[in-house]
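Going by the working numbering, the letters in the sequence shown line up with residues 47 to 578, in that order. So the structure is just underneath, and the comments pick up after that.
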Amino acid sequence: MESASYDFIVVGAGSAGCVLANRLSADPSVQVLLLEAGPRDSSPWIHIPVGYYKGIVNPAIGWGYETDPVPGTHNRRISWPRGKVLGGSSSINGLIYIRGQAQDFDHWRQLGNSGWDWDSVKPYFIRSEGRDRGADAFHGADGPLGVSDVHRNELCDAYIEAARQAGIPYNDDFNGARQEGVGYFQLTTRRGRRSSTAVSYLKPARKRPNLHVVTGALATRILFEGRRATGISYLHNGETRTASVRRELVLSGGAINSPQLLQLSGIGPGALLQSHGIEVVADIAGVGSSLQDHYQARNIYECTRPLSVNDEVRSPLHKVAAALRWALFRTGPLAIGAGHVGLFARTRPELETPDVQFHFIRFSADEAGGKLHDYSGFTVSVCHLRPESRGSIHIRSADAREPPAIQPNYLDTTGDRDTMVAGMQLARKIIAIPAMKSYVRREVLPGPDVNSDEEMLEYIREYGSTIFHPTSTCRMGQDDMAVVDERLRVRGVEALRVADASVMPTVVSGNTNASCVMIGEKAADMIVEDSR
Numbered sequence: 047m048e049s050a051s052y053d054f055i056v057v058g059a060g061s062a063g064c065v066l067a068n069r070l071s072a073d074p075s076v077q078v079l080l081l082e083a084g085p086r087d088s089s090p091w092i093h094i095p096v097g098y099y100k101g102i103v104n105p106a107i108g109w110g111y112e113t114d115p116v117p118g119t120h121n122r123r124i125s126w127p128r129g130k131v132l133g134g135s136s137s138i139n140g141l142i143y144i145r146g147q148a149q150d151f152d153h154w155r156q157l158g159n160s161g162w163d164w165d166s167v168k169p170y171f172i173r174s175e176g177r178d179r180g181a182d183a184f185h186g187a188d189g190p191l192g193v194s195d196v197h198r199n200e201l202c203d204a205y206i207e208a209a210r211q212a213g214i215p216y217n218d219d220f221n222g223a224r225q226e227g228v229g230y231f232q233l234t235t236r237r238g239r240r241s242s243t244a245v246s247y248l249k250p251a252r253k254r255p256n257l258h259v260v261t262g263a264l265a266t267r268i269l270f271e272g273r274r275a276t277g278i279s280y281l282h283n284g285e286t287r288t289a290s291v292r293r294e295l296v297l298s299g300g301a302i303n304s305p306q307l308l309q310l311s312g313i314g315p316g317a318l319l320q321s322h323g324i325e326v327v328a329d330i331a332g333v334g335s336s337l338q339d340h341y342q343a344r345n346i347y348e349c350t351r352p353l354s355v356n357d358e359v360r361s362p363l364h365k366v367a368a369a370l371r372w373a374l375f376r377t378g379p380l381a382i383g384a385g386h387v388g389l390f391a392r393t394r395p396e397l398e399t400p401d402v403q404f405h406f407i408r409f410s411a412d413e414a415g416g417k418l419h420d421y422s423g424f425t426v427s428v429c430h431l432r433p434e435s436r437g438s439i440h441i442r443s444a445d446a447r448e449p450p451a452i453q454p455n456y457l458d459t460t461g462d463r464d465t466m467v468a469g470m471q472l473a474r475k476i477i478a479i480p481a482m483k484s485y486v487r488r489e490v491l492p493g494p495d496v497n498s499d500e501e502m503l504e505y506i507r508e509y510g511s512t513i514f515h516p517t518s519t520c521r522m523g524q525d526d527m528a529v530v531d532e533r534l535r536v537r538g539v540e541a542l543r544v545a546d547a548s549v550m551p552t553v554v555s556g557n558t559n560a561s562c563v564m565i566g567e568k569a570a571d572m573i574v575e576d577s578r
């Protein structure tokens, strides 16, 4: 079959890829191809906020990844949901809008990445944001990505008051002047519906005749002439197809798929590639290394009163009522995301910025995506914002259909272990304060048998999991392990960039989706600038 030719090819229609497709195709003189391995975002559950709870375990729209046994978690294999659908993980995530700390981006600049400090990236956050509260010095109101407040609730208000009594300041905007504090999250929704990048960026651009979107297209190999990327090979409807690129190829597959595709294409650790019979195009040791992720552990409580989502959807009649509330008013249990109240705190007073994040969630279950408990329950999830542990993503074979080996190395350092224990103990302290204590019948997990720090660490090892924020496997930098430069160009080759969570030099201090959208916006500007 003759290969079609495009000016730009974007591989992966996720949080950054849909942004790139929109911005690059805004020039009617260029032809843009967007490839997505998953289907269209046609499932209604994708667009209902609480549908994330189904989406993260739905094999029809997810990759279904699982880690290798993790030594720090008693050698457990941990499920790693990632979106495989238009919108990528922005179509299945918990919708929480957090940018991170200004210091995160200033640190990126300190590592040698010019143009990635807070003052440089802030305009891209503002440009992307359509906040229903309106614009101010930190926020945009006219951007594609819907950002909305959550509805308040008695149980959530009680938790906020307890945290304030524990010395945590109130904060009604975690993305404003400071992140530290307790308050309600904002969600990536617009008029009660999920604002994925497929909805907010890709859908408005689909009518452009110069934008070509192919779903069900699994990229298998980047094509090269010498060291210049010239196209992509992909599987579609059981056939191998190719597309050639005139200007640049951009990988936006995320922290797992982008390093996997680079390795399959001959870019990565030379010994690894040769062991799978892959010809080395560029021996870059850092491809797939430097993996970071936020590890979480949960405290689960039974409530003294029926104020939990568990109560609101318990019976068929409750479910019908909840559906009507959402259909008519865009409120109720179907309008919630993966957290109602957020809390950012320092586990040590000498720290300049928060090192732990709490998600207060008005429901409870044994695991993400699992059946809600029969009792009135709520959850406090704790994660370490700046883990020291580093893992890897490495191919197992030369077959793109085989999932790579994922080793996050959770809890690999004393600092990570101590921070998680301190965070969990702080979560307990807040629950014990009178403003909240009257709402608690019992602590289900960790439970009364877990008291000492040593016992808490064992609980964290046995019951902790990912909070779905993998990054840094194609990280930006100037050192020998860096994969891309500050313009996101892959080192050692030409006409190839990466733009997604994998390029983050270090994981941001919070949920990662907003920063991925920012990366897509900034990458689009750089690509256009460099092509002039």
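We treat Cβ as the ideally placed atom computed from N, Cα and C, and that holds for glycine.
Bounds of the beta strand (DSSP E) holding H282 are R274 to H282. With contacts defined by Cβ atoms closer than 9 Å, V402 and T459 do not form a contacting pair. Burial of L297 is indicated by the presence of at least 16 other C-beta atoms within 10 angstroms of its C-beta. Contact annotation: the segment 442-449 does not touch the segment 502-511, with fewer than three C-beta pairs closer than 8 Å. By the C-beta density criterion, L374 is exposed, having fewer than 16 other C-beta atoms within 10 angstroms.
For L491, the uninterrupted beta strand (DSSP E) segment begins and ends at V486 to L491. In the three-state DSSP reduction, N497 falls in the coil class, being neither helix nor strand. Distance check between P516 and each of K365, N557, G284 and S484 places N557 closest, using alpha-carbon atoms only. In the DSSP assignment, G118 is bridged to no other residue. Here G566 is not near G300, since their CB atoms are 9 Å or more apart. G314 is bridged by DSSP to D329. Sorting S246, A569, L264 and R578 by C-alpha distance to the C-alpha of G133 places S246 at the top. Close CB contacts of G63 within its chain, under the 6 Å cut and outside five residues either way in sequence, are with V56 and S298 (chain order). With a cutoff of 9 Å on beta-carbon distance, L191 and A560 are scored as near each other. For the alpha helix (DSSP H) assignment, the uninterrupted runs of no fewer than 4 residues enclosed by the segment 326-386 are, from N- to C-terminal side, 355-358 and 362-375. Residue range A148 to Q156 is occupied by the alpha helix (DSSP H) that includes H153.
Pairing R173 with G189 gives a Cβ-Cβ distance under 9 Å. Taking the CA atoms as reference points, L370 sits about 40 Å from Y505.
Under the DSSP assignment, V467 falls in the alpha helix (DSSP H) whose first and last residues are T460 to I477. Of the residues assessed, Y143 falls on the buried side of the cut-off, its CB having 16 or more other CB atoms within 10 angstroms. Around the beta carbon of Y216, a 10 Å sphere encloses fewer than 16 other beta carbons of the protein chains shown; the residue is thus reported as exposed. Going by C-alpha positions, H419 is about 7 Å away from N356. Going by beta carbons, A391 and I214 fall inside the 9 Å limit. Just so you know, the alpha carbons of V291 and D53 end up roughly 5 Å apart. Residue state for C429 is assigned as strand, using DSSP reduced to three classes.
Nearest to T266 by alpha-carbon distance, out of R351, R252 and T286, is T286. Distances from the CA of G312 to each of R293, V333 and L295 were compared; the closest alpha carbon is that of V333. Straight-line spacing of the CA atoms in H386 and S194 works out to 12 Å.
Looking at E271, N283, S242 and F270, the one whose alpha-carbon comes closest to that of G262 is N283. Per the coordinates, the alpha-carbon of F406 lies some 8 Å from the alpha-carbon of F424. Secondary structure note for Y230: its beta strand (DSSP E) is the uninterrupted segment G227 to Y230.
Within the segment 521-568, the runs of beta strand (DSSP E) at least 3 residues long that lie entirely inside it are, in chain order, 542-544.
Shortest Cα-Cα distance from Q453 to any of I124, D495 and F151 involves I124.
Just measuring C-alpha positions, the residue of A473, M550, R273 and G238 sitting nearest T519 is M550.
Boundaries for A62: no beta strand (DSSP E) harbours it, and the DSSP string shows neither H nor E there. DSSP, read as helix, strand or coil, puts Q77 in coil.
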